[in-house]
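A.B. asks: Below you'll find the structure I mean.
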Amino acid sequence: MAPTLRQESQNAHKTVKVSNERFEIFQKWLESSNSESEERKAAEAAAARSIDGLAPTGNKEDADNFIWQTWGDVFQIAQQIPHASPAQDSLAQILVQLTQLPDTDRKIDWTDLPQLGWVLRDWFNFTPSEKHANGADEILSAWVNVNAFWARLGGLECLNTVDITIWTLRRTLEEDHDDDATNFPNVFDCHVLTAAQYVEQSGPKLKKLIQDGWKPQDNEAQMFQGGPLFDGPTGLTKERWQFWASRFRHTAEKASGNDAKSAATRAAEFLEQ
Numbered sequence: 009m010a011p012t013l014r015q016e017s018q019n020a021h022k023t024v025k026v027s028n029e030r031f032e033i034f035q036k037w038l039e040s041s042n043s044e045s046e047e048r049k050a051a052e053a054a055a056a057r058s059i060d061g062l063a064p065t066g067n068k069e070d071a072d073n074f075i076w077q078t079w080g081d082v083f084q085i086a087q088q089i090p091h092a093s094p095a096q097d098s099l100a101q102i103l104v105q106l107t108q109l110p111d112t113d114r115k116i117d118w119t120d121l122p123q124l125g126w127v128l129r130d131w132f133n134f135t136p137s138e139k140h141a142n143g144a145d146e147i148l149s150a151w152v153n154v155n156a157f158w159a160r161l162g163g164l165e166c167l168n169t170v171d172i173t174i175w176t177l178r179r180t181l182e183e184d185h186d187d188d189a190t191n192f193p194n195v196f197d198c199h200v201l202t203a204a205q206y207v208e209q210s211g212p213k214l215k216k217l218i219q220d221g222w223k224p225q226d227n228e229a230q231m232f233q234g235g236p237l238f239d240g241p242t243g244l245t246k247e248r249w250q251f252w253a254s255r256f257r258h259t260a261e262k263a264s265g266n267d268a269k270s271a272a273t274r275a276a277e278f279l280e281q
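Counting in our numbering, the sequence shown runs from 9 upward without gaps.
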């Protein structure tokens, strides 16, 4: 069963609203998001063409604003789709289809998904906190869902998400949140589920980066240093990978909900392979 979309939704920052035109496109796509492969692919391609068809022509500033607003609307849709839903994968494929639009049949060059990383960085600041512990289940779920979508984009190599992956796992696994698990269990579970998405959706890519010896540039090293509980080398390393595995085991024990417990256990099992 396909998820139900609303034109307005909430994140930790504010109430957001999808534009009328793009909302209609996503509503139509969603009807086929759980269909058989060929019908689903056709719906994804049609959605990509329709999004491009809305783009203004002739003015770079207008085009840039349109692109920024498009990604914001995509994220608003993503945060409403449950993190494990097949519709998440299908939504990611719409972006893949955008990158593949023919030169002669598009208004905007979507090849590198322009501005997507900038909009993601903007949204990444809207992390839920303890103030969302009471009566903010929609906001907590939205955070897990939109991060699951970003992780999928990283796994598909549509977008470099190494930075937000490390930052998310550092916050959840390299800081002591045991008190939060007791005092704000739903917020704690939200962050555990969120961190697990990056392992579940883009874990193989991360593992390959480690095998290839990936290291941050010198001017980026401080961005990727460890949190208070991890004093190992910066960046992505086998040592850090193993530390994350042990910490996922720990968070699985501390989590209160079955979803968070199961997700943390699966993440630990992958990291231990």
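Using N, Cα and C, we set each Cβ at its ideal position, and we do this for glycine too.
Let me confirm a value: D117 is counted as buried when at least 16 other C-beta atoms fall within 10 Å, else exposed. Which label applies?
C.D. replies: Exposed, since its Cβ has fewer than 16 Cβ neighbours within 10 Å.
A.B. asks: Where do the ends of the alpha helix (DSSP H) carrying K36 lie?
C.D. replies: Element bounds for K36: N28 to L38.
A.B. asks: Determine the closest residue to I172 out of N155, E182 and D184, with distance taken between C-alpha atoms.
C.D. replies: Per the Cα distances, N155.
A.B. asks: Out of L106, L128 and R129, which one is the CA nearest neighbour of T119?
C.D. replies: Closest by alpha carbon: L106.
A.B. asks: Please check the pair Q87 and N19, which I expect to be a contact at CB under 8 Å, by giving their CB distance rounded to whole angstroms.
C.D. replies: Yes, Q87 and N19 are in contact; Cβ-Cβ is about 6 Å, under 8 Å.
A.B. asks: Assign H21 to one of two classes, buried (16 or more other C-beta atoms within 10 Å of its C-beta) or exposed (fewer than that).
C.D. replies: Flag for H21 reads exposed.
A.B. asks: Output the distance between the C-alpha atoms of I75 and W131, rounded to the nearest integer angstrom.
C.D. replies: If you take the alpha carbons of I75 and W131, they lie about 15 Å apart.
A.B. asks: Quick one: what's got a C-beta closer than 6 Å to Q209's C-beta in the same chain, skipping five residues either side?
C.D. replies: These residues qualify, in order along the chain: A159, R160 and G163.
A.B. asks: Locate the beta strand (DSSP E) running through Q18, then write down its first and last residues.
C.D. replies: Run containing Q18: E16 to Q18, per the beta strand (DSSP E) assignment.
A.B. asks: Using only the alpha-carbon positions, how far apart do P241 and K223 sit?
C.D. replies: Between P241 and K223, the C-alpha separation is close to 10 Å.
A.B. asks: Count the CB pairs spanning the region 231-241 and the region 200-218 that are closer than 8 Å, and state whether there are at least three.
C.D. replies: No, because fewer than three Cβ pairs between the region 231-241 and the region 200-218 fall closer than 8 Å, the two stretches do not touch.
A.B. asks: Which residues in the same chain have their Cβ closer than 8 Å to the Cβ of D267, if we skip the five residues on either side of it in sequence?
C.D. replies: Answer for D267: D197 and L201, listed in chain order.
A.B. asks: Check whether the Cβ atoms of E39 and L62 sit closer than 8 Å, and answer yes or no.
C.D. replies: The answer is no: Cβ separation not under 8 Å.
A.B. asks: Could you work out which residue in L217, Q101 and A53 is closest to P110 when comparing CA atoms only?
C.D. replies: It is A53.
A.B. asks: To which residues of the same chain is R255 closer than 6 Å at the C-beta, ignoring the five residues directly before and after it?
C.D. replies: Excluding residues within five positions, the ones whose Cβ falls inside 6 Å are L181.
A.B. asks: So P11 and S93 are in contact, right, with Cβ under 8 Å, and what is the actual spacing, rounded?
C.D. replies: Rounded, the Cβ-Cβ distance is 6 Å, consistent with contact.
A.B. asks: Can you grab the Cα-Cα spacing for the pair A50 / G265, in whole Å?
C.D. replies: Roughly 37 Å between the two C-alpha positions.
A.B. asks: Give the list of continuous alpha helix (DSSP H) stretches no shorter than 4 residues that lie fully inside the region 54-109.
C.D. replies: Within the region 54-109, the complete alpha helix (DSSP H) runs of at least 4 residues are 68-86 and 94-107.
A.B. asks: So W252 and I218 are in contact, right, with Cβ under 8 Å, and what is the actual spacing, rounded?
C.D. replies: Incorrect: roughly 11 Å between the Cβ atoms, too far for contact.
A.B. asks: Per the DSSP calculation, V170 is bridged to which residue(s)?
C.D. replies: Bridge partners of V170: none, in fact.
A.B. asks: Whose CA, out of R14, E280, I33 and K115, lies closest to the CA of E146?
C.D. replies: The candidate whose alpha carbon is nearest that of E146 is R14.
A.B. asks: Which residue wins for smallest C-alpha separation from V104, given the options K68, T112 and A55?
C.D. replies: Answer by Cα proximity: A55.
A.B. asks: Pick out whichever of D60, T135, K139 and A95 has its Cα sitting closest to the Cα of T112.
C.D. replies: T112 has its Cα closest to that of D60, out of D60, T135, K139 and A95.
A.B. asks: Kindly indicate which three-state DSSP category K223 falls into: helix, strand or coil?
C.D. replies: It is coil, neither helix nor strand.
A.B. asks: Which residues share a DSSP beta bridge with K213?
C.D. replies: Beta-bridge pairing links K213 to no other residue.
A.B. asks: Please report the straight-line C-alpha distance between S98 and S41, rounded to a whole angstrom.
C.D. replies: For S98 and S41, the distance between alpha carbons rounds to 6 Å.
A.B. asks: As a quick exercise: from E247, R129, K269 and R48, pick the residue whose alpha carbon is nearest that of P193.
C.D. replies: Nearest option by C-alpha distance: K269.
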